[in-house]
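Data first, discussion second: the structure below is written as structure tokens.
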Amino acid sequence: MSSLRELHSEIKKQLEEAYETVRDLTSKRAVDRLDIAVQADDACMIEHIQTLQQELMQSQVRETDQELLIKELKNRINELETANKRLKEAPPDNCVASIQEDLIAVKMREAEANLSLKEVRQKLVDLSNDWKLHTAMELPEPLEGLEKRPVVVKEQACTPARMKELEDLLMGVRIREAETLGQLKEMRQRVMELETLNHVCTNQIRRQDEEFKRLTLEHEQCSFKERDHQQNLLEERRRTSDLESQLKELTVMSRLKETELMQANAELKAKICELESGLMERWTREELDRSNAAAETSSEGEQESADANLHAAVVNGDRCPPSLGSLLLSSLSSEDDLDNLVTKVSVDIDSSVFSSPTSEISPNIGATASNQGESCNG
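Numbering (my numbering), first residue to last: 2 to 379.
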């Protein structure tokens, strides 16, 4: 009996080692194949998601930069409009201030010249009055006659009275000439003042026109840039929305794939449970057949002793149902059966889990077999 037990334990160990070899070969082939496909799919998906996230971040950064640039351009436009309004309302400065200073200096010189002209005119008026009084006192009649008729110079004798009369006439003509020259100088001063004022106004109008044209051109350029930035902003927003929709689609697809993987894992676990229950039934049926065959060939006393020994072994833990791996290996009769089993398991895994990671499948089979082996050894 002890020799049979030792033989049974050795055979059991050999079968378990053979099953481990089969399981390693099967798992390596399936895991290598599925890991390569899954890793490739996962790497492509992760790379695509990272690319989309980077593009989304870049688009958000570009959108922020464009918004800041639009704000700066709007502030610049407001500043330019304020400066233009201030230039229109406020008095000009810088180069215009120098022109105004020159104009003030010209007006001061003009005022001085007018004052001097007034003084000269007053002196001329005083001299003219004095001269009229003098001539009225000395020669009233000739003076009145001379004022009414033109002077006619004839060849007469140069008498002292005639010389004095001519000198008086010459003095009156010179006084009137001085008055006329004063008026002419005053008119020239007025003309020069008007020309200076006209020149200043012309320059001011020209500068205002140039400033207005420059501001208009800058405003048009800013408006064009603003429209361009608005279009770029709309394009970036559309691109961002497209990226977000693609990211959502990828997230939904990954969740659906995860759900399918979980369902496939559950189906595989259910198949494993079914296989275990079927193998347990088979083992029980074989044990019953073996016990019935032994009962037919042995006597009643031997049958009772064998039943007692079987009962004691089961109670003590020496006899227990074999593991899934040992049952699978016990059903194999040759190397062809082993190769057929490996091919069948690979085909079943490929058909059941089309894109699921096998890290959840092979450990479950190994864990079930190891747990059953430990329970038997215990």
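Glycine included, C-beta positions come from ideal geometry on N, C-alpha and C.
Query: Alpha helix (DSSP H) segment containing Thr252, residue limits; Result: 161 to 298
Query: Gln247 vs Leu53 beta-carbon contact at 8 Å; Result: yes
Query: Closest Cα partner of Gln55 within the set Leu280, Glu250, Glu282, Arg240; Result: Arg240
Query: At least three beta-carbon pairs within less than 8 Å, the segment 108 to 118 to the segment 180 to 195; Result: yes
Query: Assumed close pair Glu237, Ser60 - CB separation to whole angstroms, cut-off 8 Å; Result: 5 Å
Query: Alpha-carbon to alpha-carbon, Trp284 and Asp290; Result: 10 Å
Query: Glu148 classed as buried or exposed, judged by whether at least 16 other C-beta atoms fall within 10 angstroms; Result: Confidence in Glu148 is poor, its pLDDT being 46 and thus under 50, which makes the residue's placement unreliable; the coordinate value appears in the next sentence. It counts as exposed.
Query: Ala267 classed as buried or exposed, judged by whether at least 16 other C-beta atoms fall within 10 angstroms; Result: exposed
Query: CB-CB length for Leu81 against Leu195, believed under 8 Å; Result: Rounded, the Cβ-Cβ distance is 35 Å, inconsistent with contact.
Query: Exposure of Val126, with buried meaning 16 or more beta-carbon neighbours within 10 Å; Result: exposed
Query: Straight-line Cα distance separating Lys272 from Ala295; Result: 34 Å
Query: Option in Lys13, Arg256, Lys75 with minimal Cα separation from Phe225; Result: Lys75
Query: Between the CA atoms of His230 and Val107 - distance to the nearest angstrom; Result: 53 Å
Query: Between the CA atoms of Glu48 and Glu73 - distance to the nearest angstrom; Result: 37 Å
Query: Spatially closest choice to Glu180 from Lys214, Asn199, Leu128, Leu269, by CA coordinates; Result: Leu128
Query: Pair within 8 Å by beta-carbon distance, Glu212 and Leu118; Result: no
Query: Inter-residue spacing [alpha-carbon to alpha-carbon] between Gln123 and Met172; Result: 17 Å
Query: C-beta contact flag for Asn233 and Ile100 at 8 Å; Result: no
Query: Burial state of Ala44, where buried means 16 or more other Cβ atoms lie within 10 Å; Result: exposed
Query: Near the ligand COA: Leu280 beta-carbon under 7 Å from a heavy atom; Result: Because no ligand of any kind appears in the structure shown, any question about the ligand COA cannot be addressed here.
Query: Nearest-angstrom Cα separation, counted from Ala19 out to Val343; Result: Note that Val343 scores a pLDDT of 49, beneath 50, so its modelled location is shaky and nothing firm can be said.
Query: Leu244 and Leu57 closer than 8 Å at C-beta; Result: yes
Query: Exposure label - Val174; buried when at least 16 CB within 10 Å; Result: exposed
Query: For Leu170 and Met164, the rounded distance between their alpha carbons; Result: 10 Å
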